[in-house]
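Worksheet: the structure to be examined is printed underneath.
2 protein chains.
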Amino acid sequence: MLKDFVTTLNTKWLDASGPHTDVVISSRVRLARNLKDLPFPHLMNEEHDNQLIEKLRTTIDSQNLVKKTGPLEFTLLKELNSLEKRILVEKHLISPEHAGSSSGGVIFSKDQSISIMVKEEDHLRIQCILPGLQITDSYNMANTLDDLLEENLDYAFHERYGYLTACPTNVGTGMRASVMMHLPGLVLTKQVNKVLTALSQVGLVVRGIYGEGTEPLGNLFQISNGTTIGRSEEEVVTNLSSVIKQIIDQERVARERFYNGNKLHLEDKIMRAKGILENAKLMDSDEALKLISALKLGIDLGIIEAINLKVYYNLLVAIQPAYLQYTSGQRGMGPEERDKKRAEIIKEILRK
Amino acid sequence: MLKDFVTTLNTKWLDASGPHTDVVISSRVRLARNLKDLPFPHLMNEEHDNQLIEKLRTTIDSQNLVKKTGPLEFTLLKELNSLEKRILVEKHLISPEHAGSSSGGVIFSKDQSISIMVKEEDHLRIQCILPGLQITDSYNMANTLDDLLEENLDYAFHERYGYLTACPTNVGTGMRASVMMHLPGLVLTKQVNKVLTALSQVGLVVRGIYGEGTEPLGNLFQISNGTTIGRSEEEVVTNLSSVIKQIIDQERVARERFYNGNKLHLEDKIMRAKGILENAKLMDSDEALKLISALKLGIDLGIIEAINLKVYYNLLVAIQPAYLQYTSGQRGMGPEERDKKRAEIIKEILRK
């Protein structure tokens, strides 16, 4: 019961609601915050840890906060084993770095649309993640939560530089707003590099599905603001939103053009992907991401009608190694056992 | 009604009955016969053609013959268009050479287990083809029919050499007994070349699915006697039968060994084949043969239970180009249209 949040697929961003889910998987806003009275995490000793944790426990239990955000649950990282922490990474709720830590903790709202990493690189990383293009809503949620927390906490803030952070690249707003996009149309029409390269010229950064330094897999691209200084949060969110809307349009045009020019071939590719997902006995992670990308395109284009978009969202998490290992109840699965379990889970989710 | 025999899949050898259908697709015996009073086909003029046809029409209508074989139907090749003739080739009922001819004809029994090519390379090529390993039954059928025909026909026969034929390689018995085998186990365990090479040492010949000079596709191999002289028909049939039984044993052992050593990988391969066959929108002939081979192996090993072996037999014919073109009612289909129609027909047959 305590650790329900680890394996549940009832995480808010997995419910496939929200606008533009044909192109945008999810929208996330993350705020880096530090307390004035404590050294940055890499300089904290055990006593500092305890002070931070105590302060936060009191803060999130404050009546005013609970009334506005619902109850938040604090879990210490040491209460979680490494597999459980890796699942939280796979669900994009904590960072890989945080999963590697044993001090600190995580704070979740019931539907995990709110997740706060405690003592990651900064004292607090407040995250709000929602399905579809809801970057403004995510920002508003994070901003409200930030204000509520500040009622009890003294943030390290500099009048000229803004919020102070452990790493200077986050100084200023401390905000990273990012949108996960599914761009098979731009990939198929070979426009994706052109489109994404242009983004760096407007101060945006593109990454693969698991953050910085990872390869784009399954036609998934994460687009976020590159700088945290010189612009207000509202400007950054508005700018990102407007660029994302342009990419959505480009992606839709690309899909339509490609589909019209290659109707049968695209339908063939999509239906084969569905057939393999429904029948395979072994499947590695890369193939699964590739095939569920085709499945989603089929759902978006109306080629596949019997499968709901939520199935895609669930698969996105359920095919990941740690989730597979955890749900199978097996310790130390080899790659083949994982590929077997992955094929089984895919079939199970598709049958629903 | 007249040309029912062209497109029907009720052909006897497609009913998947008979022993050892897990390894043996079909058994065929062919007898080459010529009439004493007429020159060989390549030397015949129109008058000779008419004489041959008239003689045969009378012969197959004889009460004694009809009583024993059931009614036989005579069709002139000129009554068939080239597409219809190519379908008969795809059903292994006439040879490609015969399909290219406009004189001559074909004689079929109702279930096409009997087919006689009239004026192919010889005046008569009597064929009996049955599903599974029934090479002795095929021989007995052909032999009985041969005797019945001889009651009305004077065959060209030499006391020392035996039956005389247009090509000296058929002189003697004039008999070619052949068995179509499905050998995925020997292919997967890489033993097939060793096994098949050994056959030439016992006077047998191995060919791909569409006769001499064609590549083995879909793990199908046609094995037949190499010589028609020096041994009686019974000896040839007995020898072939006993060799085929050994290959059946080797194939079964190979399948079991491979399956036990690669359970998941083989099941994965087979289930993916099924998934692709059930979902693809485009499929070329080579891929289809490869996938239905995996499907059959899945049926034989009990991995696929919901699909009947007859489905495989029907697919074997239904995926062929001329059959596809004929049943679609379209003239001059391009390769893509054919691949589309092939994918549709496969799905239709699998749904039954």
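Top to bottom, those sequences are chains A and B.
Under my numbering, the first residue of the first sequence is numbered 1, with each subsequent residue one higher.
Under my numbering, the first residue of the second sequence is numbered 1001, with each subsequent residue one higher.
Yeah, the Cβ is synthetic: ideal placement off N, Cα and C, and Gly gets one too.
Tell me the rounded alpha-carbon separation between residue i and residue j.
| i | j | result |
| --- | --- | --- |
| residue 1181 of chain B | residue 1281 of chain B | 29 Å |
| residue 1154 of chain B | residue 1223 of chain B | 31 Å |
| residue 64 of chain A | residue 145 of chain A | 11 Å |
| residue 1183 of chain B | residue 117 of chain A | 59 Å |
| residue 1322 of chain B | residue 1095 of chain B | 14 Å |
| residue 1001 of chain B | residue 1191 of chain B | Its pLDDT being 37, under 50, residue 1001 of chain B is placed unreliably by the model, and the measurement read from it follows with that caveat. Cα to Cα, the separation comes out at about 47 Å. |
| residue 1255 of chain B | residue 200 of chain A | 56 Å |
| residue 1028 of chain B | residue 1349 of chain B | 25 Å |
| residue 1331 of chain B | residue 1005 of chain B | 20 Å |
| residue 124 of chain A | residue 165 of chain A | 10 Å |
| residue 1307 of chain B | residue 1098 of chain B | 35 Å |
| residue 1126 of chain B | residue 1088 of chain B | 15 Å |
| residue 23 of chain A | residue 167 of chain A | 32 Å |
| residue 336 of chain A | residue 1237 of chain B | 48 Å |
| residue 285 of chain A | residue 1205 of chain B | 46 Å |
| residue 1147 of chain B | residue 1033 of chain B | 12 Å |
| residue 278 of chain A | residue 187 of chain A | 25 Å |
| residue 1351 of chain B | residue 1078 of chain B | 37 Å |
| residue 1044 of chain B | residue 262 of chain A | 54 Å |
| residue 1163 of chain B | residue 1217 of chain B | 34 Å |
| residue 1018 of chain B | residue 1296 of chain B | 16 Å |
| residue 1189 of chain B | residue 1114 of chain B | 37 Å |
| residue 38 of chain A | residue 62 of chain A | 21 Å |
| residue 1340 of chain B | residue 195 of chain A | 34 Å |
| residue 1047 of chain B | residue 1151 of chain B | 23 Å |
| residue 964 of chain B | residue 1040 of chain B | Shown here, chain B extends from 1001 to 1352; a query on residue 964 of chain B therefore has no answer. |
| residue 1329 of chain B | residue 1347 of chain B | 18 Å |
| residue 253 of chain A | residue 1325 of chain B | 36 Å |
| residue 1007 of chain B | residue 1129 of chain B | 17 Å |
Relative to the C-alpha of residue i, which residue among the options is closest?
| i | options | result |
| --- | --- | --- |
| residue 102 of chain A | A:242, A:4, A:49 and A:63 | A:49 |
| residue 1327 of chain B | B:1334, B:1068, B:1342 and B:1336 | B:1342 |
| residue 1356 of chain B | B:1243, B:1230 and B:1158 | Within the shown structure, residues of chain B are numbered from 1001 to 1352, placing residue 1356 of chain B beyond reach of any answer. |
| residue 283 of chain A | A:186, A:345 and A:217 | A:345 |
| residue 1230 of chain B | B:1160, B:1185 and B:1193 | B:1160 |
| residue 90 of chain A | A:336, A:319 and A:330 | A:319 |
| residue 1026 of chain B | B:1329, B:1290, B:1307 and B:1241 | B:1241 |
| residue 105 of chain A | A:119, A:39, A:93 and A:114 | A:119 |
| residue 219 of chain A | A:246, A:251, A:239 and A:232 | A:251 |
| residue 257 of chain A | A:202, A:334, A:185 and A:143 | A:185 |
| residue 9 of chain A | A:30, A:19 and A:93 | A:93 |
| residue 397 of chain A | A:143, A:260, A:162 and A:122 | What the structure shows of chain A is the stretch from 1 to 352, and residue 397 of chain A is not part of that stretch, so it cannot be assessed. |
| residue 354 of chain A | A:193, A:225, A:221 and A:290 | Here chain A comprises residues numbered 1 to 352, so residue 354 of chain A is not present and cannot be evaluated. |
| residue 59 of chain A | A:303, A:35 and A:275 | A:35 |
| residue 288 of chain A | A:303, A:272, A:301 and A:175 | A:272 |
| residue 1298 of chain B | B:1266, B:1157 and B:1324 | B:1266 |
| residue 31 of chain A | A:66, A:295 and A:178 | A:178 |
| residue 1269 of chain B | B:1253, B:1294, B:1246 and B:1260 | B:1294 |
| residue 69 of chain A | A:303, A:142 and A:100 | A:142 |
| residue 149 of chain A | A:130, A:67 and A:227 | A:67 |
| residue 221 of chain A | A:232, A:227, A:207 and A:233 | A:207 |
| residue 248 of chain A | A:259, A:132 and A:302 | A:132 |
| residue 228 of chain A | A:290, A:176, A:157 and A:156 | A:176 |
| residue 1020 of chain B | B:1134, B:1128, B:1129 and B:1100 | B:1134 |
What are the partner residues of residue i, as DSSP defines its beta bridges?
| i | result |
| --- | --- |
| residue 1156 of chain B | Note: residue 1156 of chain B sits in no beta bridge, so no partner. |
| residue 118 of chain A | A:105 and A:124 |
| residue 345 of chain A | Looking at the DSSP assignment, residue 345 of chain A forms no beta bridge with any residue, so it has no partner. |
| residue 131 of chain A | A:26 |
| residue 31 of chain A | A:126 and A:175 |
| residue 162 of chain A | A:158 |
Any beta carbon of chain E sitting closer than 8 Å to that of residue i?
| i | result |
| --- | --- |
| residue 1276 of chain B | Included in the structure are the protein chains A and B, with no chain E among them. |
| field | Inter-stretch contact at 8 Å, needing at least 3 Cβ pairs: the segment 1058-1076 of chain B / the segment 1105-1114 of chain B | value | At 8 Å Cβ cutoff, the stretches touch.
| field | Contact the segment 161-174 of chain A vs the segment 52-60 of chain A: 3+ CB pairs below 8 Å | value | no
| task | Could you pull out every unbroken beta strand (DSSP E) segment of at least 3 residues lying fully inside the segment 1056-1084 of chain B, listed in chain order? | result | DSSP runs (the beta strand (DSSP E)) wholly in the segment 1056-1084 of chain B: 1072-1076.
| Okay, do the segment 309-322 of chain A and the segment 11-19 of chain A touch, 3+ Cβ pairs below 8 Å being the bar? | yes
| said: Using a Cβ distance threshold of 8 Å, determine whether the segment 1075-1088 of chain B contacts the segment 1127-1138 of chain B, with at least three qualifying pairs required. | reply: When C-beta atoms of the segment 1075-1088 of chain B are compared with those of the segment 1127-1138 of chain B, fewer than three pairs fall below 8 Å, so the two segments do not count as touching.
| message | What ranges does the beta strand (DSSP E) occupy inside the segment 1169-1216 of chain B, keeping only unbroken runs of at least 3 residues that lie completely in it? | response | 1175-1182 and 1204-1207
| Completely contained alpha helix (DSSP H) runs for the segment 1208-1289 of chain B, where each covers 4 or more residues | Taking 4 residues as the minimum length, the alpha helix (DSSP H) runs contained wholly in the segment 1208-1289 of chain B are 1233-1261 and 1263-1279, in order along the chain.
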